[in-house]
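As they're listed, the protein sequences go chains A and B.
With the first letter of the first sequence counted as 1, position 140 gets the number 140 in the UniProt record's numbering; the numbers rise by one all the way through.
With the first letter of the second sequence counted as 1, position 182 gets the number 182 in the UniProt record's numbering; the numbers rise by one all the way through.
Number of protein chains: 2
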Amino acid sequence: MPMTDLPSAVTNERTEQTNTTNEQQESKGFDYLIVGAGFAGSVLAERLASSGQRVLIVDRRPHIGGNAYDCYDDAGVLIHPYGPHIFHTNSKDVFEYLSRFTEWRPYQHRVLASVDGQLLPIPINLDTVNRLYGLNLTSFQVEEFFASVAEKVEQVRTSEDVVVSKVGRDLYNKFFRGYTRKQWGLDPSELDASVTARVPTRTNRDNRYFADTYQAMPLHGYTRMFQNMLSSPNIKVMLNTDYREIADFIPFQHMIYTGPVDAFFDFCYGKLPYRSLEFRHETHDTEQLLPTGTVNYPNDYAYTRVSEFKHITGQRHHQTSVVYEYPRAEGDPYYPVPRPENAELYKKYEALADAAQDVTFVGRLATYRYYNMDQVVAQALATFRRLQGQPEQGNAE
Amino acid sequence: MPMTDLPSAVTNERTEQTNTTNEQQESKGFDYLIVGAGFAGSVLAERLASSGQRVLIVDRRPHIGGNAYDCYDDAGVLIHPYGPHIFHTNSKDVFEYLSRFTEWRPYQHRVLASVDGQLLPIPINLDTVNRLYGLNLTSFQVEEFFASVAEKVEQVRTSEDVVVSKVGRDLYNKFFRGYTRKQWGLDPSELDASVTARVPTRTNRDNRYFADTYQAMPLHGYTRMFQNMLSSPNIKVMLNTDYREIADFIPFQHMIYTGPVDAFFDFCYGKLPYRSLEFRHETHDTEQLLPTGTVNYPNDYAYTRVSEFKHITGQRHHQTSVVYEYPRAEGDPYYPVPRPENAELYKKYEALADAAQDVTFVGRLATYRYYNMDQVVAQALATFRRLQGQPEQGNAE
Ligand SMILES: Cc1cc2nc3c(=O)[nH]c(=O)nc-3n(C[C@H](O)[C@H](O)[C@H](O)COP(=O)(O)OP(=O)(O)OC[C@H]3O[C@@H](n4cnc5c(N)ncnc54)[C@H](O)[C@@H]3O)c2cc1C
Ligand SMILES: Cc1cc2nc3c(=O)[nH]c(=O)nc-3n(C[C@H](O)[C@H](O)[C@H](O)COP(=O)(O)OP(=O)(O)OC[C@H]3O[C@@H](n4cnc5c(N)ncnc54)[C@H](O)[C@@H]3O)c2cc1C
Numbered sequence: 001m002p003m004t005d006l007p008s009a010v011t012n013e014r015t016e017q018t019n020t021t022n023e024q025q026e027s028k029g030f031d032y033l034i035v036g037a038g039f040a041g042s043v044l045a046e047r048l049a050s051s052g053q054r055v056l057i058v059d060r061r062p063h064i065g066g067n068a069y070d071c072y073d074d075a076g077v078l079i080h081p082y083g084p085h086i087f088h089t090n091s092k093d094v095f096e097y098l099s100r101f102t103e104w105r106p107y108q109h110r111v112l113a114s115v116d117g118q119l120l121p122i123p124i125n126l127d128t129v130n131r132l133y134g135l136n137l138t139s140f141q142v143e144e145f146f147a148s149v150a151e152k153v154e155q156v157r158t159s160e161d162v163v164v165s166k167v168g169r170d171l172y173n174k175f176f177r178g179y180t181r182k183q184w185g186l187d188p189s190e191l192d193a194s195v196t197a198r199v200p201t202r203t204n205r206d207n208r209y210f211a212d213t214y215q216a217m218p219l220h221g222y223t224r225m226f227q228n229m230l231s232s233p234n235i236k237v238m239l240n241t242d243y244r245e246i247a248d249f250i251p252f253q254h255m256i257y258t259g260p261v262d263a264f265f266d267f268c269y270g271k272l273p274y275r276s277l278e279f280r281h282e283t284h285d286t287e288q289l290l291p292t293g294t295v296n297y298p299n300d301y302a303y304t305r306v307s308e309f310k311h312i313t314g315q316r317h318h319q320t321s322v323v324y325e326y327p328r329a330e331g332d333p334y335y336p337v338p339r340p341e342n343a344e345l346y347k348k349y350e351a352l353a354d355a356a357q358d359v360t361f362v363g364r365l366a367t368y369r370y371y372n373m374d375q376v377v378a379q380a381l382a383t384f385r386r387l388q389g390q391p392e393q394g395n396a397e
Numbered sequence: 001m002p003m004t005d006l007p008s009a010v011t012n013e014r015t016e017q018t019n020t021t022n023e024q025q026e027s028k029g030f031d032y033l034i035v036g037a038g039f040a041g042s043v044l045a046e047r048l049a050s051s052g053q054r055v056l057i058v059d060r061r062p063h064i065g066g067n068a069y070d071c072y073d074d075a076g077v078l079i080h081p082y083g084p085h086i087f088h089t090n091s092k093d094v095f096e097y098l099s100r101f102t103e104w105r106p107y108q109h110r111v112l113a114s115v116d117g118q119l120l121p122i123p124i125n126l127d128t129v130n131r132l133y134g135l136n137l138t139s140f141q142v143e144e145f146f147a148s149v150a151e152k153v154e155q156v157r158t159s160e161d162v163v164v165s166k167v168g169r170d171l172y173n174k175f176f177r178g179y180t181r182k183q184w185g186l187d188p189s190e191l192d193a194s195v196t197a198r199v200p201t202r203t204n205r206d207n208r209y210f211a212d213t214y215q216a217m218p219l220h221g222y223t224r225m226f227q228n229m230l231s232s233p234n235i236k237v238m239l240n241t242d243y244r245e246i247a248d249f250i251p252f253q254h255m256i257y258t259g260p261v262d263a264f265f266d267f268c269y270g271k272l273p274y275r276s277l278e279f280r281h282e283t284h285d286t287e288q289l290l291p292t293g294t295v296n297y298p299n300d301y302a303y304t305r306v307s308e309f310k311h312i313t314g315q316r317h318h319q320t321s322v323v324y325e326y327p328r329a330e331g332d333p334y335y336p337v338p339r340p341e342n343a344e345l346y347k348k349y350e351a352l353a354d355a356a357q358d359v360t361f362v363g364r365l366a367t368y369r370y371y372n373m374d375q376v377v378a379q380a381l382a383t384f385r386r387l388q389g390q391p392e393q394g395n396a397e
C-alpha cells in the first residue's frame with residue numbers, strides 16, 4: 001500500500017479554514033485521497049469536504065463524472081460519451097441530496113424494441129403483445145395470455161428462468177434471448193436471475209422504461225452537477241492521473257478507492273470479469289432520428305441499442321447525435337458480470353478489501369455490484385456516515 | 001520559496017515512460033510545478049511534457065484555459081465567460097504550433113461603435129467619416145480630411161497625443177476619449193501612447209477589426225484546444241488549487257509562475273495596478289441580436305461594449321448569448337495599466353523575479369505586459385527554448 005508517513009511537527013496553513021481534529025492539525029497534505037471522480041468518489045469528496053476534511057480526488061480520465069460524464073460534441077450536441085445515463089430513483093434521500101447541486105428536468109425514458117419489423121414497447125406491456133400478435137386483448141385478457149404461455153420452472157435460478165416463467169418462450173426468444181447474448185456474451189441460462197429481474201412485465205399500457213418515483217435529468221447536465229459537488233475549496237481535483245503515479249509522494253491519511261477492486265490488488269486472484277462496451281457516436285443532419293430516447297435491437301445487428309440524446313436532455317438543435325452500443329469482452333470495465341462464480345471470486349477480493357484498514361472501497365467497480373447511479377450515491381452516503389462513526393440508516397437500494 | 005528537498009535514493013516508476021536525465025531518475029515528484037493553466041502555463045506544460053518532463057499544472061480556478069476558457073452556458077450557447085477572445089496573429093510559428101491542437105474556423109472580427117445615434121465602423125475608416133459627417137469622400141479625400149483636422153503634437157507621449165495627431169479632436173472625442181476613460185478609469189492624456197496605438201485608422205473601407213495574416217477561431221473552442229495541449233500522460237492537472245496550498249508538500253524541482261507577479265512577492269513593493277472587468281452575460285430568445293460580433297459604446301452607458309458569441313463561434317442556435325463589459329478598479333486582475341510609473345514599479349518586481357533562480361515568470365500577469373494570446377504563446381515558446389538551453393529565435397511580438 002502506498003501510504004506516506006506524515007511529519008507531525010509541521011503546522012498547516014489550512015487549519016483556520018477547516019474543522020480539523022488534533023491529529024489533522026499536525027499534518028501536512030490531504031486527509032483523504034479519493035480515487036475516481038464518478039458518483040462514488042464525488043459524493044464522498046463533497047461530504048468529507050463539507051465536514052472540514054481536505055480532499056484530493058484523482059481520476060485517470062481527463063474529466064470528472066466517471067461514466068456519467070456528459071459534454072458537448074463537435075456539433076454542439078450534449079452527449080453522454082459512455083452511453084445514455086437516465087437518472088431514476090425511489091429514494092427521496094438520494095434525490096434531495098443531489099438536488100443541492102442541480103436543478104432537474106422531468107424526463108421519463110421510453111424504449112422501443114425492433115422485433116419482427118415493428119418497433120414495440122419494452123418492457124413488454126399490453127400494446128407490445130397486441131401489436132406483435134395482431135390481437136386486441138384487454139389488461140385482464142393479457143394476464144391470462146401470459147399465464148397460458150408461461151413455462152413452469154421449479155426453481156428460478158437463471159435469467160432465462162425469470163423470463164420464460166413469466167411470459168413464455170416466444171416472447172423470451174424475441175425480446176430477451178438475443179439481447180442478453182449480445183450484451184453479456186452469455187446465454188440467459190448462464191446468467192443470474194438478477195439480470196433480467198430488472199426488466200418488469202406489465203399488463204397495462206404504461207410504456208415508461210422505469211417506474212421509479214423520481215425520474216429526471218440534471219437540467220444542465222451531469223458534468224455541471226459534478227462541478228458543483230466538487231466546488232469546495234477543501235477539494236483539489238487532479239485529472240489525467242492514475243493514483244499509483246502520485247500516491248507515493250503526495251501525503252494523505254486515508255484512501256477511498258472507487259476503481260476496479262481486482263486491479264487494486266494487482267489481480268492477485270485473477271481477473272474479475274467485467275463486460276465492456278464500444279460506443280459509436282454519430283451526428284445526423286436532421287432534427288430527430290428516433291421516435292424515443294432508445295431503440296433496442298434484440299435480434300439484428302452487432303449493436304444492442306441506439307440512443308438519441310436530445311430526447312434525454314431536451315436540447316434543441318438543428319442536428320442530432322446518437323450512440324450505438326457494441327458489447328465487448330475487452331476494454332474499460334463497465335458491467336460486473338452477474339454469475340455465481342464471479343461472486344465467489346469477488347468474495348476473495350472483498351476479504352482483502354475489508355482487511356485494508358487505510359482504504360475504503362466504494363462504488364460499482366470497487367464493490368463489484370451492478371448498481372445504478374442512485375444506488376451508488378446511496379452507498380457513498382452510507383459510507384460517509386460510517387466513516388464519521390454515525391449509525392447506518394437506509395440502504396443502498 | 002516553497003521548494004521541497006527530494007530524496008535521491010528512491011526509484012521512480014515513471015522513468016521507463018519518459019526521457020529523463022540522471023538527476024530526474026533519482027527524484028520523486030514532479031520536474032515542474034506550473035502555476036496557471038492559461039496560454040502561458042499550458043504551452044509550457046505541453047512543451048515540457050513532450051520533452052519528457054513530468055509536469056504538475058495547477059490553477060486556482062475550476063477550469064483550464066485561463067481567461068481564454070470557453071464553455072456552454074445554461075442555454076447551450078458556447079460563450080467566453082471572461083469576455084470575447086478573438087484569435088489573430090502575424091506569426092506563422094505561433095499559428096502552426098497551435099494548429100497541432102485544433103482545427104480552425106476562419107473568422108474576421110468586425111466592430112461597430114455607437115456614435116451620435118449611428119453604428120459606425122471602428123477602427124475609423126472611409127465609411128466611418130462619410131457616414132458620421134454625411135460626406136461622400138474618396139480614399140484620397142479622406143486622407144486630406146484627416147490631415148486638415150489633425151492637431152500638431154510636438155512629441156507623441158500619451159494616448160490622446162496619438163489620436164488627435166492623426167484624426168483630430170472631434171473624432172477623438174467621439175470615438176476614443178469616452179471609451180478610454182471608461183475602460184481605464186483614466187483620461188487618454190494619462191495613458192501611454194501604446195494603448196491607442198493598437199487601434200489603427202484607415203482611409204479605405206476595410207472594416208475588419210484586425211489586419212493580421214492569421215485570423216481564425218479554434219473550431220471546437222479554446223477549452224478543447226487546451227484539453228488537447230494538456231493530454232499528455234506526463235501532465236497532471238490540478239484545479240481549484242492555489243499553488244500555495246500544495247507547494248509545501250508536493251515535491252517538484254522548478255516552478256513556472258504565470259499569475260500576477262506582485263502577488264507572488266506578497267505585494268512587498270505595493271500593488272501593481274491592474275484593471276478589472278465585470279461581465280454581465282445574457283441570453284436572448286432570438287437568433288441574432290447584434291449586426292456584428294461586437295458593438296462599442298464610447299459615450300453612453302456604464303459598459304464599454306457588447307459582444308454576441310454566435311458571430312464569433314459560428315454556432316447555430318435558436319437563442320443567442322451576449323456579454324456586456326463593465327470596467328472596474330477592483331476584482332480579478334485583467335489588464336496591466338500602461339503608465340510610466342507602473343512600468344517603474346514593475347521593474348522592481350522584475351528584479352526580484354530575475355533573482356528567483358528556481359522560478360520562471362511567464363505570461364500577461366507575471367510579466368505585466370498588455371499581451372494578446374498569440375504574444376503570450378510566443379513568449380512561452382521562447383521561454384521553453386531558454387529552459388532547454390537552446391538559442392533564442394524570433395520574438396514575442
Ligand atoms: C452504458 C452504461 C449505461 C448506464 N446507464 C445508467 C442509467 O441509465 N441509469 C443509472 O442509474 N445508471 C446507469 N449506469 C450505471 C452508472 O454508470 C454507474 O452506476 C455509476 O456511474 C457508477 O459510479 P462509480 O463512481 O461507482 O463508478 P464510475 O463512474 O465508473 O467512476 C469510477 C472512476 O474511477 C476512475 N479510476 C479507476 N481506476 C483508477 C485509478 N487507478 N486511478 C485513478 N482513477 C481511476 C475511473 O476513471 C472512473 O472515472 C450505466 C452504466 C453504463 C456502463
Ligand atoms: C476581456 C479580455 C478580452 C481579451 N480579448 C483578447 C482577444 O480578443 N485576443 C487576444 O489575443 N487576447 C485577448 N485578451 C488577452 C488574453 O486573455 C491574454 O493574452 C491571455 O489569456 C494571457 O494568458 P496567460 O496564460 O498569460 O494568463 P491567464 O489566461 O490570465 O492565465 C493565468 C492563470 O493563472 C491562474 N493563477 C493566478 N494566480 C494563481 C495562483 N496563486 N495559484 C494558481 N493559479 C493561479 C489564474 O487563475 C489564471 O487562470 C483578452 C483579455 C481580456 C481580459
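Ideal Cβ positions, reconstructed from N, Cα and C, are used throughout, including at glycine.
All of these numbers come straight from a predicted model, not from anything done at the bench.
List the whole-angstrom C-beta distance separating residue i from residue j, where the pair is believed to meet the contact cut-off of C-beta under 8 Å.
i                      : j                      : result
residue 182 of chain B : residue 383 of chain B : With 8 Å as the limit, residue 182 of chain B and residue 383 of chain B do not qualify as a contact, their Cβ atoms being about 34 Å apart.
residue 34 of chain A  : residue 57 of chain A  : 4 Å
residue 217 of chain B : residue 313 of chain B : 6 Å
Rounded to whole angstroms, what's the CA-CA distance from residue i to residue j? Just pull it up for me.
i                      : j                      : result
residue 377 of chain B : residue 46 of chain B  : 12 Å
residue 395 of chain B : residue 129 of chain B : With a pLDDT of 43 at residue 395 of chain B, under the threshold of 50, the modelled position of that residue is not reliable, and the figure given next carries that caveat. Roughly 36 Å between the two C-alpha positions.
residue 324 of chain B : residue 307 of chain B : 7 Å
residue 398 of chain A : residue 263 of chain B : Summary: the structure shown does not reach residue 398 of chain A, with chain A confined to residues 1 through 397, and so no result is reported for it.
residue 126 of chain B : residue 316 of chain A : 42 Å
residue 173 of chain B : residue 116 of chain B : 12 Å
residue 444 of chain B : residue 75 of chain B  : This structure cannot speak to residue 444 of chain B, because chain B is shown only from 1 to 397.
residue 284 of chain A : residue 309 of chain A : 12 Å
residue 330 of chain A : residue 329 of chain B : 57 Å
residue 278 of chain B : residue 299 of chain A : 58 Å
residue 120 of chain B : residue 170 of chain B : 15 Å
residue 108 of chain B : residue 213 of chain B : 11 Å
residue 238 of chain B : residue 237 of chain A : 5 Å
residue 301 of chain A : residue 288 of chain A : 21 Å
residue 60 of chain B  : residue 122 of chain A : 48 Å
residue 349 of chain B : residue 258 of chain B : 14 Å
Given that a residue counts as buried once 16 or more other Cβ atoms are within 10 Å of its Cβ, and exposed if not, what is residue i?
i                      : result
residue 245 of chain B : buried
residue 380 of chain B : buried
residue 386 of chain A : exposed
residue 291 of chain B : exposed
residue 223 of chain A : buried
residue 21 of chain B  : Bear in mind that a pLDDT of 43 at residue 21 of chain B, under 50, signals an unreliable position, so the number given afterwards is only what the model happens to contain. Residue 21 of chain B should be labelled exposed.
residue 135 of chain A : exposed
residue 363 of chain B : buried
State yes or no: is the beta carbon of residue i nearer than 7 Å to at least one beta carbon in chain C?
i                      : result
residue 106 of chain B : Of the chains in the structure shown, none is chain C; the protein chains are A and B.
Listed from N- to C-terminal order along the chain, which residues in the stretch 217-231 of chain B have their beta-carbon within a distance smaller than 7 Å of any beta-carbon of chain A? 220, 227 and 231
If contact is defined by three or more beta carbon pairs under 8 Å, each pair taking one atom from either stretch, is the stretch 151-161 of chain B in contact with the stretch 199-207 of chain B? The answer is no - the stretch 151-161 of chain B does not touch the stretch 199-207 of chain B, with fewer than three Cβ pairs under 8 Å.
Check distances from the C-beta atoms of the stretch 294-310 of chain A to those of chain B and list, in chain order, the residues that come in under 8 Å. Along the stretch 294-310 of chain A, none of the residues has a CB nearer than 8 Å to a CB of chain B.
Contacting positions in the stretch 85-96 of chain B - beta carbon closer than 8 Å to chain A: Listed by position along the chain: nothing, the set is empty.
Please determine if the stretch 251-271 of chain B and the stretch 137-145 of chain B are in contact, where contact requires at least 3 C-beta pairs separated by less than 8 Å. no
According to a CB-to-CB cut-off of less than 8 Å, which residues of the stretch 261-274 of chain A neighbour chain B? none
When you check each C-beta in the stretch 66-85 of chain B against every C-beta of chain A, which residues fall closer than 8 Å? Answer set for the stretch 66-85 of chain B: 72, 74, 76 and 78.
Any contact between the stretch 183-192 of chain A and the stretch 339-357 of chain A? By contact I mean 3 or more CB pairs, one from each, below 8 Å. yes
Check whether the stretch 226-233 of chain B and the stretch 64-73 of chain A are in contact - that is, three or more C-beta pairs closer than 8 Å. no
For the stretch 118-148 of chain A, which residues have a CB atom closer than 8 Å to at least one CB atom of chain B, in sequence order? none
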